[in-house]
Ligand code: GDP
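Residue numbers (UniProt numbering): 3 to 199.
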């Protein structure tokens, strides 16, 4: 599978630093600590791919990974960092807002949520960004290994229903674990489809 070819390409902290708006890209969003880096590593079958996103100073950048010259994964900054100064917060909001509204290459959004704390305000905002533009979004309920099978199924059903009611049929959801690799193939199929791989 081509996702394994993912390599760090660049980090952008403003619109001018983005690569040309060509080809296809899939963006990854999630609250800090939700398990987004672990998910990116599991999906690309690499141990440290997303470590670069956590480098101090890079937490407020879009980190691009190249899969092929026409296909990219984009790691959005983990939201929920309390310590970001308000001015920077506003700059970010505008940048991300603009990115979602205007980026032609963006073909889909993956929202990573801890299965024990799904659909917080920020998650809903990211899903709304995608759906407003007619883009599909796929949610990973990660750290599924922390719950038993029964609880996983129950949460999945509840979140699926809630998301469908709020966002319609452009959104989908599955259970996932970067630890046990549960759900990796399912997620890779969705992302690979969006990227045209
Ligand atoms: P990020 O801030 O969203 O990038 O989160 P990380 O991927 O760095 O994960 C945050 C913490 O959750 C780390 O301690 C990970 O080891 C742990 N973690 C991430 N994914 C999983 C998972 O699927 N299962 C379990 N049990 N722990 C996980």
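Don't be surprised by glycine CBs; every beta carbon is placed ideally from N, CA and C.
Beta-carbon contacts of residue i that lie in its chain and below 6 Å, excluding the five residues immediately before and after
i           : result
residue 68  : 9, 11 and 74
residue 118 : none
residue 31  : 78, 113 and 128
residue 7   : 69
residue 72  : 25
beta-carbon residue i near the ligand GDP non-hydrogen atom, thresh 8 Å
i           : result
residue 122 : no
residue 144 : yes
residue 114 : yes
residue 49  : no
residue 118 : no
Residue i: CB within 8 Å of a non-hydrogen atom of the ligand SAH
i           : result
residue 188 : In the structure shown, the ligand SAH is absent; the only ligands present are the ligand GDP.
Pairwise C-alpha distance: residue j and residue i
i           : j           : result
residue 120 : residue 23  : 31 Å
residue 3   : residue 160 : 32 Å
residue 194 : residue 5   : 7 Å
residue 123 : residue 156 : 21 Å
residue 52  : residue 43  : 6 Å
residue 29  : residue 186 : 17 Å
residue 50  : residue 33  : 19 Å
Under 9 Å between C-beta atoms of residue i and residue j
i           : j           : result
residue 198 : residue 14  : no
residue 175 : residue 190 : no
residue 137 : residue 110 : yes
residue 80  : residue 35  : yes
residue 103 : residue 135 : yes
residue 108 : residue 133 : no
residue 131 : residue 99  : yes
Residues near residue i in its chain [Cβ-Cβ closer than 8 Å; skip 5 each side]
i           : result
residue 184 : 146, 147, 177 and 178
residue 196 : 26, 28, 109, 110 and 138
Residues of its chain near residue i, where Cβ-Cβ distance is below 7 Å and the 5 sequence neighbours each way are ignored
i          : result
residue 37 : 114, 116, 144, 145 and 180
CB contact below 9 Å: residue i versus chain B
i           : result
residue 194 : This model lacks chain B altogether; it includes just one protein chain.
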